[in-house]
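Take a look at the structure below.
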Amino acid sequence: MIRKYTFGAPLPTDAVIQNLLAEKDSLPYFTVRYGEDGSVILSLPLHPEEVLFGLGQAVRGIDKRGHRYESWNSDVFNHTEERPSLYGSHNLLVFFSPDRLLGLYLDDPGKIIWDLGWEKHDEAVITSLSGNLDVYLIEEESLTGIARAFRQLTGRSYLPPRWAFGYIQSRWGYASEEEVRTVVNEHRKRHIPLDGVCLDIDYMVDFKNFTWKPDAFPDLKRFQDEMKEDHLRLVPIIDAGIKVEEGYAPYDTGKAGDCFCKKEDGSDFVAAVWPGRCCFPDFLREDVRRWFGDLYRPLLEAGIEGFWNDMNEPAMFYSDEGLEKAKQQIQAVFSKEIDIEGFFALGGLMNSISNSPADYASFYHEFDGIRARHDTVHNLFGYNMTKAAAEAFAAKYPDRRLLLYSRASYIGAHRYGGIWTGDNMSWWSHLLLNIKMMPSLNMCGFLYSGADLGGFGADTSGDLLLRWLQFGIFTPLMRDHSAIGTLLQEPYRFGNIDAFRRTLQLRYRLMGYIYSEFMKAALEDECLFRPLAFDYPEDTFAKRVEDQLMFGESLMLAPVYEQNARGRYVYLPEDMLFVKFISLEEAENERFVEYLEDGTPYIAKPMPAGHHYIDVALDETHLFVRPGKLLPLLRPANTTAELDFTAPEVIAYPHGQKELAYRYYTDDGVTKDYTEASHFKNIVFTVK
Ligand code: MIG
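Residue numbers (our numbering): -14 to 673.
As structure tokens, this is what we get:
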């Protein structure tokens, strides 16, 4: 059951697709206070055993208790644990305690502060700064039920084409078709699978959206065609800002259509991003979305079928006003003899003008007859950029799925595209953060998502990349991406090629399962990744487990995420089959080896419920199969297009059952007739 309560005058966000009438009585469970500044403050005492799930893209644990989070889409390079916010605002929180199961969703595109047992461990205090919001209370019998009801409230998750589940290689710095060709060849010659290569801002002329360098990419269509012969897709980046430059068509047409966000005085708001001074499309306006979406057309016509939208928090390095103010303050410091205070002030000054609250409060959006100051609708910006692109793709190709993922997001955006989790670091702690974030993102509808595998900033190492890929093979978006200036981190750079190849081939072996589970999750409003508590709600230990995940209907994952670890402790809420894929050499030393049809060795060992230490060497990938479940596996190939999805072999864990069944999903991977009954097939396994 979902009930809606309205505070103040909420702005339309298009997050919710169900039209519920607001309740007349006051909000139950919460104490409501009104701040003098217009804010609305909801508070709720927390049970000592209460666990809080949700908030989508955020730092720290699966259990969000004990930190102060903010909903405020932010371009942040350092995802350290004190961060209040990252790039997306996903205002769903689920309270789970022995005497309560309650989902809370706040539809408020401005800033929200979530003190979740931070100041006081036994209290949640949630503040909407604007005080204009719709509050939804979701009450169901189970955690899964709450997640499902939330998705029914907010709409079906975006469905990408099947090739988008293939491995994608990316790097800020790939600057020519020659370089891309080399990356592809290096994969191909080692039989490391690959389905796509991203183009970062380096493909553009002076970082200008919708341009590409004529010398480096002389004929983009020919190049994409050439790649497609090998089933490879290029995935170019598009940024939010449009460079201020007369004669540059996107600027000229945007100006002509009066498409840009304006300052108080009616002039275009300008701030610098990669191309230099930029205007910001008012994506909240439908006509602006249409105009911007049309700008993708030349790229679509060159055969491009996938895009990533970046810098759409929106990120701003500095505005004219911010720069001027900083300049004056710097001059003031130097106008007298510099002292220690002045010295430290200098360091902070330039940083403080990027993504500044003053800038976000200085421009406006006009939509549906409303004029809204940017900071009151801030979290909708990236969402509507994604929507602009998605609507343009659907207009051009009504029956074709395209790949689209964004950096900034808000609930609702999950209907139009996926997200990647932004600029993480090549740190072991960020591999763990990736693990913890996946179920939270799924609860909020962002099924097609993933982190920069290997880490974006800082230099990765071979062991970190390998361990990260061993988890990454399960994330729907599986992309290795890194920042310019860091150590190159393609999987063939670190010796140990056999281990990298086996890991990536395992992704392709799993593709039948991953695709089936993803499509079922999307079509039936389920979560692909789940905290253990979703499946074992009565198990008081399971709800505390922060580093294991349920993955689809058959699997539990317990990745290794510590350097030099030769395995890890794992908790099994029920009997499970431990499956570990090993090298041929290792197979010679093992007693209980089994082989897939193509001779690939693995160990399959039933384990009783409880605590265990499992041995997992650096070049091994493992998973757990649940009792009575099947895991379908395919023969690996270099691309998803070359996979044979029709007749998977299975690993089974009968656990006393005579007959096991699995609901397998296949389709052509690109059209939109998802729900055809013929796509679902029952795989039956009988114990001999
Ligand atoms: O200011 O396009 O998160 O993935 O490589 C950095 C360059 C801009 C941020 C994205 C990152 C991308 C980078 N971009």
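Heads up, the beta-carbon is just placed ideally off N, CA and C, and yes, glycines get one too.
What does the Cβ neighbour count give for residue i, buried or exposed, with the cut at 16 atoms within 10 Å?
i, result
"residue 676", "A query on residue 676 cannot be resolved here, the shown segment of the chain reaching from -14 to 673 and no further."
"residue 424", "buried"
"residue 399", "buried"
"residue 548", "exposed"
"residue 234", "exposed"
"residue 237", "exposed"
"residue 5", "exposed"
"residue 209", "buried"
"residue 596", "exposed"
Under the criterion of a Cβ to heavy atom distance below 7 Å, does residue i qualify as lining the ligand MIG?
i, result
"residue 370", "no"
"residue 466", "yes"
"residue 392", "yes"
"residue 222", "yes"
"residue 239", "no"
"residue 407", "yes"
"residue 157", "yes"
"residue 482", "no"
"residue 301", "no"
"residue 448", "no"
"residue 272", "no"
"residue 195", "no"
"residue 227", "no"
"residue 189", "no"
"residue 296", "yes"
"residue 292", "no"
"residue 186", "yes"
"residue 441", "yes"
Judging by CA-CA distance, which residue of the options is the nearest neighbour of residue i?
i, options, result
"residue 540", "469, 647, 133", "647"
"residue 219", "89, 13, 287", "287"
"residue 131", "502, 174, -13", "-13"
"residue 239", "257, 214, 208, 278", "278"
"residue 605", "24, 612, 552", "552"
"residue 259", "243, 321, 324, 191", "191"
"residue 62", "627, 205, 44, 187", "44"
"residue 529", "34, 315, 0", "34"
"residue 459", "503, 372, 233, 139", "503"
"residue 510", "497, 193, 144", "144"
"residue 591", "623, 580, 572, 557", "557"
"residue 490", "58, 179, 269", "179"
"residue 248", "351, 111, 622, 582", "351"
"residue 461", "153, 136, 141", "153"
"residue 221", "11, 206, 214", "206"
"residue 523", "81, 413, 65", "81"
"residue 105", "-6, 595, 320, 50", "50"
"residue 217", "407, 168, 346, 11", "168"
"residue 177", "201, 610, 151, 630", "151"
"residue 86", "174, 129, 331", "129"
"residue 388", "576, 433, 165", "433"
"residue 722", "362, 157, 330, 202", "Lying outside -14 to 673, the shown extent of the chain, residue 722 is not represented and no answer is given."
Kindly give me the distance between the Cβ atoms of residue i and residue j, rounded to whole angstroms, as I take these residues to be in contact under 8 Å.
i, j, result
"residue 264", "residue 291", "Between residue 291 and residue 264 the Cβ distance is about 26 Å, and since that is not below 8 Å, they are no contact."
"residue 568", "residue 487", "7 Å"
"residue 409", "residue 437", "6 Å"
"residue 101", "residue 54", "7 Å"
"residue 626", "residue 148", "7 Å"
"residue 612", "residue 640", "4 Å"
"residue 335", "residue 300", "Between residue 300 and residue 335 the Cβ distance is about 15 Å, and since that is not below 8 Å, they are no contact."
"residue 30", "residue 108", "6 Å"
"residue 97", "residue 421", "In fact, because the Cβ distance is near 21 Å, the residues do not count as touching under 8 Å."
"residue 367", "residue 271", "Rounded, the Cβ-Cβ distance is 17 Å, inconsistent with contact."
"residue 517", "residue 476", "In fact, because the Cβ distance is near 30 Å, the residues do not count as touching under 8 Å."
"residue 405", "residue 392", "7 Å"
"residue 345", "residue 0", "Actually they are not in contact, since the Cβ atoms of residue 345 and residue 0 sit about 20 Å apart, beyond 8 Å."
Please tell me whether, using a cut-off of 7 Å, the distance from the CB of residue i to the nearest non-hydrogen atom of the ligand ADP is below it.
i, result
"residue 106", "Absence of the ligand ADP from the depicted structure is noted, with the ligand MIG being the only ligands included."
Continuous beta strand (DSSP E) assignments of at least 3 residues falling wholly in the region 239 to 269: Within the region 239 to 269, the complete beta strand (DSSP E) segments at least 3 residues long are 255 to 258, 261 to 264, listed from N- to C-terminus.
Every unbroken beta strand (DSSP E) inside the region 393 to 420 [3 residues or more]: Those beta strand (DSSP E) runs which fall completely within the region 393 to 420 and span 3+ residues are 403 to 405.
Every unbroken alpha helix (DSSP H) within the region 438 to 521, with a cutoff of 4 residues, ordered by chain: Listed in chain order, the complete alpha helix (DSSP H) runs (minimum 4 residues) inside the region 438 to 521 are 447 to 457, 482 to 494, 496 to 508, 517 to 520.
Segments assigned beta strand (DSSP E), at least 3 residues, entirely inside the region 56 to 118: List check, beta strand (DSSP E) in window: 77 to 82, 85 to 92, 97 to 101, 108 to 113.
Complete beta strand (DSSP E) runs within the region 316 to 360 (minimum length 3 residues, chain order): Runs found: 348 to 352, 355 to 358.
Contained alpha helix (DSSP H) runs [length at least 4] in the region 191 to 229, N- to C-terminal order: If only uninterrupted alpha helix (DSSP H) runs of at least 4 residues are considered, those enclosed by the region 191 to 229 are 205 to 214.
Contiguous alpha helix (DSSP H) assignments of at least 4 residues, all confined to the region 562 to 633: Here the runs fully enclosed are 569 to 574.
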